[in-house]
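> Dropping a structure here in C-alpha cells format, bear with me for questions.
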Amino acid sequence: MGEKMLMKGNEAIGEAAIKAGCRFFFGYPITPQNELPEYMSRRLPEVGGVFLQAESEVAAINMVYGASCAGGRVMTSSSSPGISLKQEGISYLAGSELPAVIVNIVRGGPGLGGIQPAQSDYFQATRGGGHGDYRTLVYAPSTIQEMVDLVMMAFDKADAYRNPVLVLGDGILGQMMEPVEFPDEPPPEPLAKPWATTGAEGRPPNIISSIILDPELLDKHNWHLMEKYEQIRKKETRWEIYDPYEAEIFLVAYGTMARVARAAIEAAHSRGIDCGLVRPITLWPFPERAFDELADRARAYLSVEMSTGQMVDDVKIAAAGRAPVYFYGRAGGVVPSPAEIVKKIELIFEEIKGGSKRA
Amino acid sequence: MTYQVIMAGFGGQGVMLMGTLLAYAGMLEGKFVSWIPSYGPEMRGGTANCMVVVSDVEVASPVVTEPNCVIVMNRPSLDKFERVLLPDGLLIINSSLISKEAERSDIRVLRVPCNDEAMAVGSAKVANMVALGAYLAATGAVSFESVEKSLKKALPERRHDLIPMNMEALRRGASYVNR
Chain A
14 MGEKMLMKGN EAIGEAAIKA GCRFFFGYPI TPQNELPEYM SRRLPEVGGV FLQAESEVAA
74 INMVYGASCA GGRVMTSSSS PGISLKQEGI SYLAGSELPA VIVNIVRGGP GLGGIQPAQS
134 DYFQATRGGG HGDYRTLVYA PSTIQEMVDL VMMAFDKADA YRNPVLVLGD GILGQMMEPV
194 EFPDEPPPEP LAKPWATTGA EGRPPNIISS IILDPELLDK HNWHLMEKYE QIRKKETRWE
254 IYDPYEAEIF LVAYGTMARV ARAAIEAAHS RGIDCGLVRP ITLWPFPERA FDELADRARA
314 YLSVEMSTGQ MVDDVKIAAA GRAPVYFYGR AGGVVPSPAE IVKKIELIFE EIKGGSKRA
Chain B
4 MTYQVIMAGF GGQGVMLMGT LLAYAGMLEG KFVSWIPSYG PEMRGGTANC MVVVSDVEVA
64 SPVVTEPNCV IVMNRPSLDK FERVLLPDGL LIINSSLISK EAERSDIRVL RVPCNDEAMA
124 VGSAKVANMV ALGAYLAATG AVSFESVEKS LKKALPERRH DLIPMNMEAL RRGASYVNR
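Residue numbers (our numbering), protein chains in the order written: chain A, 14 to 372; chain B, 4 to 182.
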C-alpha cells in the first residue's frame, strides 16, 4: 500500500476509480458530490482519460451507455435528484447488460429536498430504481478507506456481471476527510469484452440493445438476467457483524449510520445494555444470511436509518419473524445522535425484559 | 484518549484549515482521525464549522455531538456551540472578537485574543493558528512538530516561508494556557 493521505470522500472515490482503470467520466454538478467531478476533471486528462460535463444528468447517463458499449471503464456520479433523472439510463444499461459504476452521494428528499446527508434513496437503490425487472449490485461503504476499496471492486464486478453497480454514500461520507491508502500495484487487466462495439474488424458486428419486441424472447431475457442476479446474490453478498459484547439486541445500520450506531453501542454498554451491529456492506443483495447466523441469539433488531424507514423492510424479511424488528430514524438531513439511539435501545430493552442487562 | 472538537467561526477565519491541520497532524502521529466540514448554502461572512476526531482507537462516529472541546472564533459560534460542550469540556473563546462571557459554569473556559496575537506576529490570517496553539497546549492532542509537518504538506512550496509565522502564532496561543 502507498503513503497514507488525508482525503475527502468525494476525491477518494475519484482517485480509486482512476486506480481501477476508469478513463471516462460523464456528469452534471450537484451538491454534495461536486468534489468528485471536479477531481475527475483535473485527474482524467493526466491519465489520457475523458472528463465531460454534460448538459444534464440524462445526457450524462446516456454518454455512460455509449462509452460502456465501446468497452470503456466508465463512471458517473450525482446526488439524489440527479440519480432520479439517471434512472431511465440505468434501466437501459441493465437491459443491455452494460457495465458501469454509478455513485450516489445521497441528500435529503423527496423532490429537490435539501443538501444535507440522508439515506432515503434505499428503496430506489435496492429495487432497481428505474423501470423493468432488474437489480443493481449496491455497495454501501462506511469509511473513506472502505469507499476506496469498494469503488475499485465495483468496476471489476460491473465487468464480471455486465451490470451497473451502484455505490451509495451520503453527504457526510462525501464531504468527510479520513486517512486513506491506495494500492501501489497497477490494477489487473480488465476482462476482455468481446461483446463491445469496437469496430467489427474481422468479426461479425456486435449489436447492443435493450429492445426485444417478441414477448417470448423478452421473457427469456428477463429470466436470463434473473439467473445472473441469483449468482450475484450467492457470491457477492457482503456484511459485517460487530459483536464485542455477545449481545442479544442487534442494531442494523449501513454507511455513516453504522458509524453512529457503533458510538451508540458503546454508550449503551456503559449504561449496562449490550448491543451488537449488523452492517450490510451490500444493500442489494441484502445480507439475509447474517440474520440466519444470529437467529439463535438475537432477541430484537433495531434498524437505524437516516430516513423514515426503508431498510427496516429488508430487516423484517431477513429476521423472518424470528425476532421483533424496531426502527429509529431521522430524515431530511438530520443524523440521529448516539443519545437518541440509546434512548430507543432502552425502550426496546424494557419491552423484551429478562435480557442481559448487567448489574 | 479520544479528542472530539468542534471549531467554528465565520467564513475566512480559517476554521476549516485549523481542523484539517489537527487531523493531518494526528494522522502523521499514527492516530485515527476524521474531519467533517459543515456544508450548506453558506454565504460570505456566514458561519462555518468543522468537527474533528483524533483518537487512539478507530473513530466510531465522525459526527461530533458531544465534543470535549469547542473553539469559537466569532460570537454566533459561541451562541450556537457553548451548549453542546460536554460538562468539564474546554471552551476556547476568541476574545478579540467576542466580548460576551461564557454562560455555563460547568466547563473550562480559555479566553484567547486570537486576532490581536495574530496581528502582533504579522497577519490577522493566523488567528486560527493562535487558537489551535491554545488548544494543543491545553490538551496535548498532537505535538507542535506534527503540526509543522502538516503545514509543509498543506501549504504549497512557494508559501513555506509563512511557516515560521504560523508556528509563532501557535506558540503565542499556547502561552495563554495556565497563565
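Glycine residues also receive a C-beta, built at the ideal position from the N, C-alpha and C atoms.
(1) Counting only C-beta atoms, is Glu16/A closer than 8 Å to chain B at any point?
(2) Decide if Thr89/A is buried, meaning its Cβ has at least 16 other Cβ atoms within 10 Å, or exposed.
(3) Going by beta-carbon coordinates alone, are Ala29/A and Met189/A separated by less than 8 Å?
(4) What number of angstroms, rounded off, separates the C-alpha of Ala260/A from the C-alpha of Tyr341/A?
(5) How would you list, in chain order, the residues of chain B whose beta-carbon sits under 7 Å from the beta-carbon of Ser350/A?
(6) In whole angstroms, give me the CA-to-CA distance for Ser54/A and Ala311/A.
(7) Count the other C-beta atoms from every protein chain shown that fall within 10 angstroms of the C-beta of Val119/A, then say buried if there are 16 or more, exposed otherwise.
(8) Just the C-alpha distance for Cys72/B and Leu89/B, rounded to the nearest angstrom, thanks.
(9) Should Ala127/B and Gly176/B be called a contact, given that it needs their Cβ atoms to be closer than 8 Å?
(10) Judging by CA-CA distance, which residue of Trp236/A, Gly95/A, Asp134/A, Ile74/A is the nearest neighbour of Val114/A?
(11) What's the gap between the Cα of Cys288/A and the Cα of Ala274/A?
(12) Could you spell out the range, first to last residue, of the beta strand (DSSP E) harbouring Phe299/A?
(13) Is Tyr314/A helix, strand or coil by DSSP?
(14) By the 10 Å Cβ neighbour count, where 16 or more other Cβ atoms means buried, how is Ser108/B classified, buried or exposed?
(15) Measuring straight from C-alpha to C-alpha, what distance separates Arg246/A and Val129/B?
(16) Per DSSP, what kind of secondary structure is Asn71/B in: helix, strand or coil?
(17) Quick one: is Val36/B near chain A, going by C-beta distance under 8 Å?
(18) Can you find a CB in chain B that lies within less than 8 Å of the CB of Leu290/A?
(19) Against chain A, with Cβ distances strictly below 8 Å, would Val18/B count as a contact?
(20) Once you ignore the five residues that flank Trp208/A on each side, which residues in its own chain have a CB closer than 6 Å to its CB?
(21) Using 8 Å for Cβ pairs, my map puts Ala63/B next to Ala276/A. What's the rounded Cβ distance?
(22) Pro45/A versus chain B: which residues are under 7 Å apart at the beta carbon?
(23) What residue range does the alpha helix (DSSP H) around Gln244/A cover?
(24) Closest to Lys356/A by CA distance: which of Val317/A, Val328/A, Ala333/A, Ala332/A is it?
(25) Would DSSP call Leu93/B helix, strand or coil?
(26) If you reduce the DSSP assignment to three classes, tell me which class Ala372/A lands in.
(27) Given this structure, state the Cα-to-Cα distance separating Arg86/B from Glu104/B, to the nearest angstrom.
(28) Which residue's Cα is closest to the Cα of Ile101/B: Thr5/B, Tyr6/B, Ala11/B, Pro70/B?
(29) Could one say the Cβ of Ala336/A lies closer than 8 Å to chain B's Cβ atoms, at least one of them?
(30) Roughly how many angstroms lie between the CA atoms of Tyr339/A and Ile361/A, to the nearest whole one?
(31) Regarding Glu306/A and the ligand FAD, is the C-beta to nearest heavy atom distance less than 7 Å?
Considering the structure as presented:
(1) Chain B contact via Cβ: absent.
(2) Answer is buried; the Cβ neighbour count reaches 16.
(3) No, the Cβ-Cβ distance between Ala29/A and Met189/A is not below 8 Å.
(4) Ala260/A and Tyr341/A have their C-alpha atoms roughly 19 Å apart.
(5) Thr68, listed in chain order.
(6) When rounded, the distance between both Cα atoms is 48 Å.
(7) Val119/A is classed as buried because its beta carbon has at least 16 other beta carbons within 10 Å across all chains shown.
(8) If you take the alpha carbons of Cys72/B and Leu89/B, they lie about 8 Å apart.
(9) No, Cβ-Cβ distance for Ala127/B and Gly176/B is not below 8 Å.
(10) Of the candidates Trp236/A, Gly95/A, Asp134/A, Ile74/A, the one whose C-alpha sits nearest the C-alpha of Val114/A is Ile74/A.
(11) Rounded to whole angstroms, Cys288/A to Ala274/A spans 10 Å at the Cα level.
(12) No beta strand (DSSP E) contains Phe299/A, which DSSP labels as neither H nor E.
(13) Reduced to three states, the DSSP call for Tyr314/A is strand.
(14) With fewer than 16 Cβ atoms within 10 Å of its Cβ, Ser108/B is classed as exposed.
(15) Their Cα atoms are separated by approximately 54 Å.
(16) Reduced to three states, the DSSP call for Asn71/B is coil.
(17) With 8 Å as the cut-off, Val36/B counts as an interface residue toward chain A.
(18) No, no contact with chain B.
(19) Residue contact check for Val18/B against chain A: no CB pair falls below 8 Å.
(20) For Trp208/A, where only same-chain residues beyond five positions count, the Cβ hits under 6 Å are Asn219.
(21) Yes, they are in contact, since the Cβ atoms of Ala63/B and Ala276/A sit about 4 Å apart, within 8 Å.
(22) Result: Tyr42.
(23) Counting along the chain, the alpha helix (DSSP H) containing Gln244/A begins and ends at 228 to 249.
(24) Of the candidates Val317/A, Val328/A, Ala333/A, Ala332/A, the one whose C-alpha sits nearest the C-alpha of Lys356/A is Val317/A.
(25) Leu93/B: strand per DSSP, three-state reduction.
(26) Residue confidence for Ala372/A is low, a pLDDT of 49 falling below 50, so the modelled location carries little weight; the figure read from the coordinates is stated next. In the structure shown, Ala372/A adopts coil according to DSSP, grouped into three states.
(27) CA-CA distance, Arg86/B to Glu104/B, rounds to 13 Å.
(28) Nearest option by C-alpha distance: Ala11/B.
(29) No, Ala336/A lies away from the interface with chain B (no Cβ there is under 8 Å from its Cβ).
(30) Answer to the nearest angstrom: the Cα atoms are 8 Å apart.
(31) As for the ligand FAD, it is missing from this structure, which has no ligand bound.
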